[in-house]
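Participant: Mind looking over this structure? Questions follow.
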Amino acid sequence: MLSRVADGMFWLNRYMERTDGMLLTLNTSYILSFDKEINDSQGYKPLLEYYTSLSNAKIHSIQYDTPYVLKYIICDNQNENSVKNLVVKARENARGSQDKITKELWEHINSMYHFVNSPDLPKKLETSDALNVITKLNKDLLLYNGILQVTMPRGLGWCFSSIGKHIERCLQTISMTQAYFAPINYNLEGEEDLMYWRRLLLSLSGYELYLKSYSNISHNRKVVHQVIFNMDFAHSVIYTLDFINTYLDCLFKDTNLSEARTLMNQFGRLKSYIEFTDYQHLTNQELEDVLRNTKNQLVQFSTDFSKLFFSYT
Amino acid sequence: MAKLTPSLNHSGWDEMFSNKGVRDSYRQVFETLQSLNHKTLTNKQKQASDLFMNQGITFTVYSDDDNGIERIFPFDIIPRIITQEDWLEVESGIKQRLLALNLFLEDIYNEQNIVKDGIIPAGLIASCPHYIQEVQGIKVPHNIHVHIAGIDLIRGAKGEFYVLEDNLRCPSGVSYMLENREITKRIFPDMLSSNHVSMVSNYPMIFHSILVSLSPRNVSNPNVVLLTPGVYNSAYYEHTYLARQMGIPLVEGRDLVVNNSKVYMKTTSGLQQVDVIYRRLDDEYLDPLVFKPDSALGVPGLISAYRQGNVALVNAVGNGVADDKAVYAYVPDMIKYYMNEEPILKNVPTYRMENLDEREHVFANMENMVIKETNQSGGYGMIMGNKASQEEIDEAKIAITNNPRNFIAQPIIQLSTVPCLIGGQLKLRHVDLRPYALCGPKGVQIVPGGLTRVALTEGSLVVNSSQGGGSKDTWIIK
Amino acid sequence: MALFKIVHLTKYQYNYPIKESINEIRLFPHHFENQEVLQYQLLITHAPNVDVSQDYYGNRVGNFNVLDSHTEMTIESRMLVRVNHSLKIPEIDSTYVKDIQIEKEKSILLLRLCYIDKIEKQTEIENILKEINIENKSIIEIAQQCNTYVFENFTYTKGITNIETTVDEILTLKKGVCQDFAHILLHLLRTVGIPSRYVSGYICPNESGLRGEGATHAWIEIYTPTQGWLGLDPTNNIWTMDNHVRLSVGRNFSDCTPIKGTFKGLAKQTLSVCVSIGYEDGRQFEEINDVQLQEVSSKVQEQLNYMDQLQQQQ
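Protein chains in written order, with our numbering: chain A, 1 to 313; chain B, 314 to 791; chain C, 792 to 1105.
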């Protein structure tokens, strides 16, 4: 497979996964903003901190400003990570690798592109139609994932797509977790209630699973288990890393390159770091370190991975 | 629906209506159209546009806005019909012409006998900007230079065919020929089979087998790629479409690298040799070492690999010398010189501005002439004498006098018309026809069909998409 | 008859490693009439394969590449050349420009060697020709007088022109080096209708005193139906002699560029050229040039930045 095309499929899926996660977080905060919680100390702050490059002061001033945030996140041209710009970038990558993408997937990305570019979209977001827009976009992303699963051929392109998607997802989970643990100083023994954790869990599509899997007192440490160590949770750090591992094996099985071995070892260390962390005896400091280090190492891995496979220019 | 018969108020040839009424070839289509009400027709038209839009069959119009606007190439749902009898003439005429043009290119880039024998003046070739001296003497597989040609045809006042121009470099639009048919299948599913319309969908298969047959390496599965200038090219959709239909990789210049005069593509598992390149990149961008040094779209060293015979380029480099609008005037002579045959398809009479007598004749009759720049295409650099202002005509005369080699003139020909659905009514609009001819080691093949381009502006004779043209599905019926 | 041992060394250096260096060279002296290459050797760092072919003008062209990353490339061309020149000034025969007409009409090559690039100062060229008074003169006379005109009216000055200097600019400056002199003379002769070509090569001054004392040199050749190609050196106001060694010919400098190349990578490139000429009697002449390269144009820089950005999606 052409390096450039592999690169395109990798980034197409990173951008789509980013859009998906961002919309889920937006949706969660937006719905919850209807019933004014008394102790909602963050508003849209976790969303804005991770997904935008706004200054702290700016975030502080708009973190409860729903109309502004909706527009900024969904269709602001100036925001390079707005849904609109992400879909544009995703589509550019899809266009560049169009001969390896199914017609169904292309047409879907294309229809999303036309939707986010429709001139009346900003107006709609000012009205009660806003919820419909967000719901439609969320559904479009679900549909994207469905079409991806059902129509795309397995093989090299699938490997690069899957690895891109899960690197992005893992980074999201870590960052969102940091956004909710940082304000409480990573206190694992704290007594934050379900109302607090609900926001994080909903943002990661993990609320129902949490309710079903864990007893309902002293949530802090259990939340950590769910989002980092739970192999059954499709957004957990360990699950996404394991997924990446599977597809790396796939990519490397026909390669004798020494760089491939180095990269595999690098990833092995990153994954083992999580696997061999004893969450039951995890300290506050260790939690902070695990999240930070894993994030840094994963970003580094993504760079090295790109260098090995995508250096075509 | 009585409104369907448009008024026949022009002197030219209409392909659906004669002065006795509907022609036989169109009878079924006409009856179907009549059975549909205004709303259904408009809906079908809308349905067709949506299909194009959703599939991303668009070109981008860039403006001040950062993202640009995507537009479709307008499609008219009423098919253009050509009878089998007419088609046979077109087919044999194009085959003959393409053989002669290939012989001409082989000659010009080798012995140049046609010049030495005084059939074509040396000055005409020497002054042609698309005569590429850098490929002089390069041997191309099977001596074929033109593998794919788009020969533009028009029909005159009596329905007779003329060749308007030859496109022998990177003719585009074939994806529209194929997609238009797919759209028709969806909006008029029963009309196609009941009219016995010839199939065009095997075009990619025929083309692919020609590409494979050109491989310089004798391997069972040569690597064939399509080279595109990239996603910002206005024909990018077509490039992806053809790559996908033929199952070949779509590459950009930066995906390729030349090593020891062989071309390789950069894949996730290392370099892979490339044997045949269907390139949709113009000659002057192909290799910055030989042509434009600042072109980032091409592949440095490509021409060296080509010269060594390690890679085949489709079309060959330097074909522009044969589709130059001034050289066009000599194609009938080429047919006689190389093949000892009379041309089957007529040329439009063409005046060379370098010839003083011809120039004077043209200057005296500007209102009946169309002036064309010899090395422009796509409807650019064209002046219609009957539409131009006095000022434009004066400017054209000065430009011609300053650089006569750069222009030709032709009498304005009233192109034939076909009715189009415009504002819910049938309106006559002028059309041309571009069949796509493929030439491989086994000869010339033309899929029965082509791209019918239509000038959507009333009375306009300019069909190019850049000038407000649209297209129609083209049926060859048995 | 003269025998020369010429060593032509070109060295590229890059401040960062670059890769995919793809090159085209015209460094092989021709077996022209009156010129014989007795020995030839080409040495290139990283020892790449060199594919040799012939171009439109009969020059031998080499193509090679170095894909792996590197910071330096040297190309060393060593040759032993014998020039057998009659040493006679061409006969003033009575062939006129109109006498080539018939031959030209059958030859794309000769016609192309008569075409002039569009310049703004074409009238100035016409005026020079009027001044020389070309009416009723033979090709040889016209060529010789144009040659003298360029020699007498343009000053040999190094460092003010470069390979991209246009004929218009030279006409204004009235100064330049051998290459500029050649371009002016070509323009004059082509305006008259005499097929003329640019020649790049080496000049091996037996007795010093020839202008353009640098070893690499440029001059022109005209075509006459009776005597074939004849060399004129406007820098020295002479017909070429046995100390002119021909490397390649073409319409102009760019057809004869000794080395053209592209590479990938963001690096600044420096180039130095050294040519040395050894004579039979053991004397040695050496010319060293640190070539000032054109700054990367803003457009190219933009492209480089763009490519760089593409690589770094985030």
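For each residue, glycine too, the CB sits at the ideal point set by N, CA and C.
1. So, at 7 Å on beta carbons, what are the nonlocal neighbours of Leu-437(B) in its own chain, with the 5 sequence-adjacent residues on each side left out?
2. What residues in the segment 75-104 of chain A have a beta carbon less than 8 Å from any beta carbon of chain B?
3. 8 Å is my cut-off, CB to CB: does Tyr-847(C) come that close to chain B?
4. For the segment 453-539 of chain B, which segments carrying the alpha helix (DSSP H) assignment without a break, of at least 4 residues, lie completely within its bounds, in sequence order?
5. Could you confirm whether any beta carbon from chain A is found closer than 8 Å to the beta carbon of Arg-557(B)?
6. Counting contacts by CB-CB distance shorter than 8 Å, is Gly-1000(C) in contact with chain B?
7. Glu-107(A) versus chain B: which residues are under 9 Å apart at the beta carbon?
8. Tell me whether the beta-carbon of Leu-979(C) lies closer than 8 Å to the beta-carbon of Ile-910(C).
9. Counting only the same chain and skipping the five closest in sequence on each side, list residues whose C-beta sits under 8 Å from that of Gly-1000(C).
10. Name the chain C residues that come within less than 7 Å of Gly-614(B), Cβ to Cβ?
11. Mind listing the chain B neighbours of Ile-916(C)? Cutoff is C-beta to C-beta under 8 Å, in chain order.
12. Using a Cβ cut-off of 8 Å (strictly closer), state whether Glu-704(B) contacts chain A.
13. Reducing DSSP to helix, strand and coil, say where Glu-1012(C) ends up.
14. Checking 8 Å against the spacing of the C-beta atoms, do Leu-241(A) and Ile-274(A) come in under that value?
15. State the Cα-Cα distance for the pair Gly-614(B) and Arg-340(B), rounded to the nearest angstrom.
16. So what does Asp-327(B) bridge to, in DSSP terms?
17. Could you name the residues that DSSP lists as bridge partners for Phe-855(C)?
18. Would Ser-844(C) pass as an interface residue toward chain B - the criterion being a Cβ-Cβ separation below 8 Å?
19. So what does Asp-1024(C) bridge to, in DSSP terms?
20. Would Val-612(B) and Val-571(B) qualify as a contact pair, given that the criterion is a beta-carbon distance under 8 Å?
21. Just to make sure I have the definition right: I need the residues of chain B whose C-beta is within less than 8 Å of the C-beta of Ala-34(A). Which are they?
22. Suppose you measure from the CA of Ile-467(B) to the CA of Ala-6(A); what does that come to, to the nearest Å?
23. Just how far apart, CA to CA, sit Phe-676(B) and Tyr-664(B)?
24. For Ile-74(A), tell me which candidate among Glu-49(A), Leu-188(A), Gln-42(A), Thr-19(A) has the shortest Cα-Cα distance.
25. Report the rounded CA-to-CA distance for Ala-1058(C) versus Asp-884(C), giving the unit in angstroms.
26. Near Asp-607(B), which residues of its chain fall below 8 Å by C-beta distance, leaving aside the five closest residues on each side in sequence?
27. Where does Gln-360(B) land, buried or exposed, given buried means 16+ other C-beta within 10 angstroms?
28. Would you call His-974(C) buried or exposed, if buried means 16 or more other Cβ atoms sit within 10 Å of its Cβ?
29. Alpha carbon to alpha carbon, how far is Met-490(B) from Thr-770(B)? Give it in angstroms, no decimals.
30. Taking CB distances under 8 Å as the criterion, tell me whether Thr-151(A) reaches chain B.
31. Under 8 Å, Cβ to Cβ, is there at least one residue of chain A near Thr-580(B)?
32. How do the segment 841-854 of chain C and the segment 795-808 of chain C stand: do at least 3 beta-carbon pairs fall below 8 Å, yes or no?
33. Among Leu-751(B), Met-578(B), Ala-701(B), Lys-785(B), which one has its Cα closest to the Cα of Leu-540(B)?
34. I'd like to know if Val-544(B) contacts chain A, where contact means its C-beta is closer than 8 Å to some C-beta of that chain.
35. Can you give the beta carbon distance from Gly-698(B) to Ile-725(B), rounded, assuming they're within the 8 Å contact cut?
36. Taking 8 Å as the threshold (beta carbon to beta carbon), is Gly-436(B) in contact with chain C?
Facilitator: Taking the geometry as given:
1. Ala-639, Val-640
2. Asn-77, Val-88, Glu-92, Arg-95, Gly-96, Gln-98, Asp-99, Lys-103
3. Chain B, which has a Cβ nearer than 8 Å to the Cβ of Tyr-847(C), makes this yes.
4. 487-500, 502-507, 516-526
5. Cβ-Cβ to chain A under 8 Å: yes for Arg-557(B).
6. Only weak support exists for where Gly-1000(C) lies, its pLDDT of 49 falling under 50; the value from the coordinates is given anyway. Answer no: the Cβ-Cβ gap between Gly-1000(C) and chain B never drops below 8 Å.
7. Asn-367, Gln-368, Gly-369
8. no
9. Model confidence at Gly-1000(C) stands at a pLDDT of 49, short of 50, so the residue's coordinates are unreliable; what they give is reported in the following sentence. None.
10. Ile-813, Asn-854, Asn-856
11. Those within 8 Å of Ile-916(C) in chain B number zero; the least Cβ separation is about 17 Å.
12. At a cut-off of 8 Å, the C-beta of Glu-704(B) has no neighbouring C-beta in chain A.
13. strand
14. yes
15. Roughly 57 Å separates the two Cα atoms.
16. Paired residues: Thr-730(B).
17. Paired residues: Asn-814(C).
18. yes
19. Asp-1024(C) is bridged to Ile-1029(C).
20. yes
21. Note on identity: in this sequence residue 34(A) is Phe, with Ala being the wrong assignment. Ordered by position in chain B, no residue passes the 8 Å Cβ test against Phe-34(A), which lies about 33 Å from the chain.
22. 45 Å
23. 11 Å
24. Thr-19(A)
25. 56 Å
26. Pro-601
27. exposed
28. buried
29. Looking at the two C-alpha atoms, the distance is approximately 21 Å.
30. no
31. yes
32. no
33. Met-578(B)
34. yes
35. Sure, about 7 Å apart at Cβ, within 8 Å.
36. yes
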